[in-house]
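Line by line, the protein sequences give chains C and U.
Everything in the first sequence is counted per numbering that gives the first Met the number 0, starting at 0 for the first residue and increasing by one.
Everything in the second sequence is counted per numbering that gives the first Met the number 0, starting at 0 for the first residue and increasing by one.
All residues carry an ideal CB built from backbone N, CA and C; glycine is no exception.
Number of protein chains: 2
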Amino acid sequence: MILSALLTSVGINLGLCFLFFTLYSILRKQPGNAEVYAPRLVAEGRSQQISNFNLERLLPSAGWVTRAWRPSEAELLANSGLDAVVFMRIFIFSAKVFTFAVIVGIFILLPINYMGKQLSLDLFDLPNKSLESFTISNVDDGSNRLWIHFSAVYIFTAVVCYLLYVEYDYISTKRVSYFCSSKPHPHQFTILVRSIPASSGRSYSETVESFFSEYYPATYLSHWVVRRASKLQGLIKNSKRLYRRLVNLKSANHDRERFGRAGFMGLFGQRVDLLDHYEKKLEVIEDNVRAEQSSCLGKEVGAAFVSFRTRFAAASATHMQQGVNPTQWVTEPAPDPEDVYWPFFSASFLKRWISNLVVVVACILLTVLFLIPVLIVQGLTHLEQLEIWFPFLKGLLRIAFVSQVITGYLPSLVLQLFLYVVPSIMIMFSSIQGYIAMSQIEKSACIKVLWFTIWNIFFANVLSGSALYRVEIFLEPKNIPAILAVAVPGQATFFIAYVVTSGWTSTSSELFQLSTLVFNFIKRNICRKYDDEFEVPSVPYHSEIPRILLFGLLGITYFFLAPLILPFLLVYYCLGYLIYRNQLLNVYAPKYETGGKLWPIVHDSMIFSLILMHVIAIGIFGLKKLPLASSLTVPLPILTLVFNSYCRRRFLPMFKSYSVESLLKKDKEEQNDPTVASFHERLATAYQDPALLHVGYSGNNASIIAPLLGTAEVDA
Amino acid sequence: MILSALLTSVGINLGLCFLFFTLYSILRKQPGNAEVYAPRLVAEGRSQQISNFNLERLLPSAGWVTRAWRPSEAELLANSGLDAVVFMRIFIFSAKVFTFAVIVGIFILLPINYMGKQLSLDLFDLPNKSLESFTISNVDDGSNRLWIHFSAVYIFTAVVCYLLYVEYDYISTKRVSYFCSSKPHPHQFTILVRSIPASSGRSYSETVESFFSEYYPATYLSHWVVRRASKLQGLIKNSKRLYRRLVNLKSANHDRERFGRAGFMGLFGQRVDLLDHYEKKLEVIEDNVRAEQSSCLGKEVGAAFVSFRTRFAAASATHMQQGVNPTQWVTEPAPDPEDVYWPFFSASFLKRWISNLVVVVACILLTVLFLIPVLIVQGLTHLEQLEIWFPFLKGLLRIAFVSQVITGYLPSLVLQLFLYVVPSIMIMFSSIQGYIAMSQIEKSACIKVLWFTIWNIFFANVLSGSALYRVEIFLEPKNIPAILAVAVPGQATFFIAYVVTSGWTSTSSELFQLSTLVFNFIKRNICRKYDDEFEVPSVPYHSEIPRILLFGLLGITYFFLAPLILPFLLVYYCLGYLIYRNQLLNVYAPKYETGGKLWPIVHDSMIFSLILMHVIAIGIFGLKKLPLASSLTVPLPILTLVFNSYCRRRFLPMFKSYSVESLLKKDKEEQNDPTVASFHERLATAYQDPALLHVGYSGNNASIIAPLLGTAEVDA
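Right, here's the structure in full:
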């Protein structure tokens with residue numbers, strides 16, 4: 000790639016970004032789009048609906064930028080929770096790192112690279128200059144100037160480690176103070192106990208009761224045994240759908256729509272009054288629900304939520320092995336009641352252990368072999384194949400322009416489609432692992448997606464070749480530096496373009512929310528559905544964080560190889576900071592709170608990036624005939640790992656659990672609080688499966704099973 | 000090596016063993032040797048001294064075998080503690096494993112190997128048969144008979160895993176029941192807190208007091224802040240030595256010995272009455288001791304032993320992070336007061352972390368590069384060198400026989416000497432790591448010595464070549480199976496000889512205790528010293544267990560390669576079982592108790608051996624042109640690792656700490672025990688540094704500092 004081509008690409012993408020911004024600033028003012036661009040404000044009733052038409056609505060404005068910029072971190076914390084703050088800290092941290100990198104890279108390393116003669120290119124024809132001449136490849140072999148690169152690697156590592164330390168410290172302090180200022184939450188007082196041993200003649204409820212009242216007589220409060228309710232959940236889902244359809248029918252009130260066929264998808268069967276038909280169906284389902292609810296009460300599972308009087312007691316119960324057999328009475332902190340994820344809940348230790356194993360294997364296979372099915376499908380979508388499948392397209396496909404677009408664009412489209420579903424697959428994998436909380440699933444999926452991305456975008460591009468070839472390289476660790484040193488700089492121009500196209504555009508399209516916009520438009524104008532309950536989305540951390548971290552990896556590894564990438568990354572992070580702040584304020588509402596538990600992933604990813612850079616540096620200096628520099632770089636990854644191990648000892652425990660000091664401080668604060676008693680009462684029923692609490696829509700015979708059920712179990 | 004040579008070697012070593020047994024059975028009956036062969040009985044006053052001479056004393060007898068055989072495991076447990084039982088279980092477990100291995104190896108694999116034609120040796124000249132013809136090397140390439148080896152590997156792995164599971168289960172149950180039947184020990188109620196943050200204007204003692212009485216108001220009992228007493232310990236050591244010399248002088252009562260020179264080593268200075276001289280010196284030292292003791296009281300270190308009212312409270316405090324900063328208020332279970340190891344005690348988290356790092360590096364360097372200094376020293380001790388150093392030996396060294404012995408034996412002697420000091424070096428390394436207990440140091444040293452042994456005996460012999468060459472092999476994991484498959488079978492005869500010579504002889508010399516015998520003889524007959532206080536030794540687990548496990552590794556890896564090794568191993572384990580039982584009953588007394596924490600090391604080592612066998616099998620089947628068998632072996636190590644990971648989840652937690660169930664059961668048992676109050680009182684002073692408790696030998700002005708000191712600190 001030559002410089003002018005890069006500049007063209009930058010220009011096009013910059014144009015796209017501005018187009019997105021302009022469209023966004025206009026469209027967001029249209030009242031119909033409030034649900035797309037400010038669902039959070041709508042849900043909170045804070046969106047100002049300007050219904051009367053005026054010219055201002057059609058003019059682009061940059062007001063949203065100042066509005067996104069203005070709120071302080073404390074406001075963001077109050078508004079969106081600690082996770083959102085941590086998410087934004089990724090941008091701030093990366094911007095800090097790359098500001099330093101840009102200064103060193105552009106003002107020191109880039110001129111040195113450019114003045115090299117290794118690639119023997121013309122020095123003065125700047126626009127037609129290959130981008131290669133800005134990389135380390137252009138520095139002469141054995142040149143002493145490489146020592147500047149060497150020092151840059153050392154200094155950069157030191158700076159990044161320092162920033163990582165400061166950031167870890169900052170976020171862990173935030174986490175503790177967030178906990179200290181939190182209101183009493185049920186999950187702070189509750190633990191989840193799995194693998195409760197079955198004892199003959201006693202129900203699980205009695206076993207739990209006797210166990211905890213014997214061993215924690217002073218602090219045990221109540222428990223709630225989990226019931227197998229998957230069938231019930233299905234029924235309730237059905238009844239909800241029917242109920243919504245009914246409401247729609249009633250509100251629409253068109254006779255035309257009121258009558259339809261009762262059979263499959265409304266296409267077959269005799270014509271009936273749908274209103275009546277649905278109402279009857281709903282009643283039948285709700286009768287089933289009630290029957291299932293009462294039968295569910297008997298179907299206990301060997302797991303229970305156990306609540307304690309104090310946070311300290313709950314925490315101490317999760318830290319210690321309860322039963323003599325460590326595979327029984329397995330305890331873990333309970334998640335927030337809203338955060339509980341029921342579908343794959345499993346009480347058995349062995350079952351969870353096995354599904355964990357299976358998921359790990361599946362995940363590794365997916366990550367390593369992902370490109371194989373992609374390549375196969377890409378092969379299938381070639382023109383000839385398409386002509387066979389869709390003969391009527393033959394004429395169209397023969398047109399040169401169309402065929403060019405398709406052959407040029409289709410493979411990348413297929414890859415993008417496959418990539419698009421990966422986060423959902425990883426979420427599925429993580430949920431099969433038997434986590435009890437959505438937040439745990441998301442965190443685990445985030446790690447999976449991160450490694451997937453690094454492997455399938457970074458390594459797949461660098462070490463092009465079959466997946467097995469790529470795996471084999473890692474079976475010969477000795478050769479890794481040399482192989483990477485040859486392969487990585489060669490991909491510099493590709494990744495610069497990748498940052499500009501994928502990074503910039505994906506971020507601005509995040510602002511524009513094209514898919515939601517189109518979906519919303521179709522719903523409103525074609526289906527004419529006006530749902531009262533629309534869901535405010537939450538940030539999909541598991542797909543966003545890996546993407547941001549991948550750019551960090553690119554920036555760190557290419558810092559001394561091809562510093563030209565750095566300014567583009569810096570722009571990306573600044574853009575991302577503004578846009579995601581805007582989205583957090585207007586679009587996304589936090590569904591649950593991990594208390595900043597995502598930061599260790601960011602930290603680990605940065606450490607990995609640094610070590611990857613060191614390994615490449617070792618290879619590059621060897622390749623550039625400066626073996627002394629190569630050997631002198633060897634201590635650097637070791638020092639980085641030592642630094643990381645210190646951080647793990649110093650900060651990681653704070654992200655795993657809270658200290659006795661903090662727990663007891665909170666407990667003491669509430670000792671004399673009169674509201675505690677009522678809170679304790681609420682605790683007893685906080686962890687009921689919502690399916691058991693469901694009272695029905697049909698109205699006439701809504702029972703009060705749930706409250707009854709709750710009190711029956713409270714026995715402190 | 001040919002069969003007849005092996006048989007000769009077996010014959011010689013068998014003869015040696017019998018010689019040792021005979022000598023032992025005679026010598027042990029001599030009253031003068033009671034301190035060598037039954038120090039434990041002497042210390043307990045149970046040794047029957049037959050002072051009148053009779054013929055029976057000179058006749059060998061095998062009565063000790065029956066006496067060693069007779070006691071049940073329960074008696075051994077009562078007598079020598081759980082660690083000794085676990086130690087003996089290693090022999091029982093290994094004997095079980097190798098009984099099965101012998102049956103399969105000798106009756107199935109050996110005939111198949113022998114009937115192979117690969118090495119094209121004469122089938123019928125048995126005595127001159129190379130031992131190679133009994134190994135897998137003799138099976139024809141690509142022969143279908145290799146499938147029998149393949150099945151043997153699978154079945155053997157399954158059997159070993161089954162036995163491992165049963166044994167882990169058995170020992171973990173033993174551990175729990177041992178705890179349940181134990182008397183109250185101070186260490187069960189106490190934790191060690193390190194890195195207590197310094198607060199201005201308050202002593203550490205006050206800080207600890209306020210912290211624990213604030214956060215554990217109901218259960219906190221007392222604390223004892225650690226003092227920097229290394230100088231004091233030195234002084235007390237000196238005074239002890241002087242005191243013993245004085246006692247010797249007084250008891251000897253020879254005027255000849257009473258007068259000597261007061262200077263360096265009794266060689267210089269004026270002649271004085273030593274009795275007076277020493278007494279004065281002792282008084283001066285003891286005055287110093289007392290001065291130091293009172294000044295020590297002020298020198299507090301940021302660490303304290305904190306005692307609680309219940310075991311549960313103590314355990315819960317060690318499991319949870321106490322302070323907000325995880326590097327402060329670092330807690331761990333306290334060891335038994337007799338087990339505390341003071342010299343390298345360090346309170347600072349950072350200092351311990353750094354010394355840990357340094358030790359890990361030093362340990363890896365020692366393990367990997369050990370053979371380099373050995374080879375250098377071996378080079379230095381060649382004849383020419385010796386002649387230069389000791390010219391007067393020239394004549395002697397020129398005699399052919401002497402020179403042969405020296406050149407043949409000296410290198411191996413040097414290696415043995417170096418190997419002999421390794422356990423002590425590892426103990427030193429482990430103690431620098433900052434463990435608080437001797438038992439922890441010993442356990443950690445045991446692991447270090449184990450890996451050292453596996454590397455420097457197994458791998459050094461198999462992959463002969465420079466240390467760097469050996470390390471490099473592990474940098475190319477892909478080639479490991481092939482390299483091992485070539486190298487390991489080639490060393491089969493060496494290791495068979497090793498089992499017979501080193502295994503059998505070292506075990507019987509353990510019975511014979513040559514060095515102690517000689518030392519004792521010299522002490523009694525030449526130095527004429529009769530110390531009243533002689534120390535009963537404890538089993539040096541850190542040097543014994545690795546040796547036993549190395550033989551297990553050899554047996555497992557050579558099981559299908561050269562089954563001829565198996566019967567010799569079985570004999571070794573039976574011999575070892577008898578001899579160590581005898582030693583445990585007569586010689587070794589337990590100094591401290593880890594509660595069977597050594598078993599996980601044994602388990603891990605067995606799993607490692609299995610996986611090594613699998614890796615070699617993968618290589619061998621490839622080499623023998625049976626690639627299908629090679630590929631089908633690949634799942635085996637993975638399955639073994641999965642099995643191991645299950646065991647780690649199922650059993651390992653039981654070896655790390657006790658469950659709430661067991662802890663509270665014990666606590667409840669003692670709730671109404673009237674002796675608890677006095678026990679709690681004793682707890683307060685249980686963890687004083689013995690140096691501070693020292694009251695002095697000089698008698699006239701023995702102060703009672705210690706008790707005073709104790710009560711001053713008790714504040715529950």
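According to DSSP, Val305/U shares a beta bridge with Ile190/U and His222/U. Excluding the 5 residues flanking it on each side, Lys230/C has same chain C-beta neighbours closer than 7 Å at Glu291, in chain order. The C-beta of Gly433/C comes no closer than 8 Å to any C-beta of chain U. Under a criterion of Cβ atoms nearer than 7 Å, the residues of chain U adjacent to Pro476/C are, in order, Leu474. For His318/U, a Cβ of chain C is located within less than 8 Å of the residue's own Cβ. Within the segment 321 to 353 of chain C, the residues whose Cβ lies closer than 9 Å to some Cβ of chain U are Gln321, Gly322, Val323, Asn324, Pro325, Thr326, Trp328, Phe348, Leu349 and Trp352, listed in chain order. The CB of Ala496/C never comes closer than 7 Å to any CB in chain U; the least such distance is about 35 Å. Against chain C, a Cβ distance below 8 Å from Pro652/U picks out Gln320 and Pro325. Inside the segment 530 to 610 of chain U, DSSP marks whole alpha helix (DSSP H) runs of 4 or more residues at positions 540 to 557 and 564 to 585, from first to last along the chain. Within chain U, no residue has its CB atom less than 7 Å from the CB of Arg66/C, the nearest being about 36 Å off. With fewer than 16 other CB atoms across the displayed protein chains lying within 10 angstroms of its CB, Ser60/U is exposed. Pairing Lys624/C with Asp140/C, the inter-Cα distance amounts to about 6 Å.
Any Cβ of chain C closer than 8 Å to the Cβ of Glu543/U would place that residue at the interface, and such an atom is absent. Chain C has no Cβ within less than 8 Å of the Cβ of Ala484/U.
Separation of the CB atoms of Val288/C and Leu364/C is rounded to 40 Å, and the pair is thereby denied contact status at 8 Å. Going by DSSP, Pro110/C is part of the alpha helix (DSSP H) stretching over Leu109 to Met114. Against chain U, the CB of Arg648/C has a partner CB under 8 Å away; the residue lies at that interface.
Within the DSSP secondary-structure output, Ser129/U pairs in a beta bridge with Ile1/U.
Under DSSP, Asp672/C shares a beta bridge with no residue.
The segment 147 to 160 of chain U makes no contact with the segment 296 to 311 of chain U, as fewer than three CB pairs between them are under 8 Å. Scanning its chain for C-beta atoms nearer than 6 Å, with the 5 sequence neighbours on each side dropped, one finds around His541/C the residues Pro422, Glu441, Ala444, Cys445 and Val448, in chain order.
Assignment of Asp335/C by DSSP, reduced to helix, strand and coil, places it in the coil class. Residue-level contact check: Ser212/C does not touch chain U, since none of the beta carbons of chain U fall below 8 Å from its beta carbon. Fewer than three Cβ pairs drawn from the segment 626 to 641 of chain C and the segment 486 to 503 of chain C lie within less than 8 Å of each other, which leaves the two stretches out of contact. Annotated three-state conformation of Asp688/C is coil, per DSSP. Annotation for Ile521/U: the continuous alpha helix (DSSP H) segment containing it runs Leu513 to Ile521.
Taking a beta-carbon distance threshold of 8 Å, Val101/C does not count as an interface residue toward chain U.
In this structure, Leu548/C keeps its C-beta atom at 8 Å or more from the C-beta atom of Ala491/C. With contacts defined as CB atoms closer than 8 Å, Ile564/C and Gly554/C qualify as a contacting pair.
Counting C-beta atoms within 10 angstroms of its own C-beta, Val159/U has 16 or more neighbours from the protein chains shown and is therefore classed as buried.
For Val421/U, the secondary structure class from DSSP, reduced to helix, strand or coil, is helix. For Phe348/C, the enclosing alpha helix (DSSP H) starts and ends at Phe348 to Leu368. For Thr593/U and Gln439/U, the gap between their C-alpha atoms comes out near 8 Å.
Here Lys173/U is buried: its Cβ has 16 or more other Cβ atoms, across all protein chains shown, within 10 Å.
Listed in chain order, the non-local C-beta contacts of Val207/U below 8 Å within the same chain comprise Val192, Ile195, His222, Val224, Ala303 and Val305, local neighbours out to five positions each way being set aside.
The Cβ of Ser181/U sits no closer than 8 Å to any Cβ of chain C.
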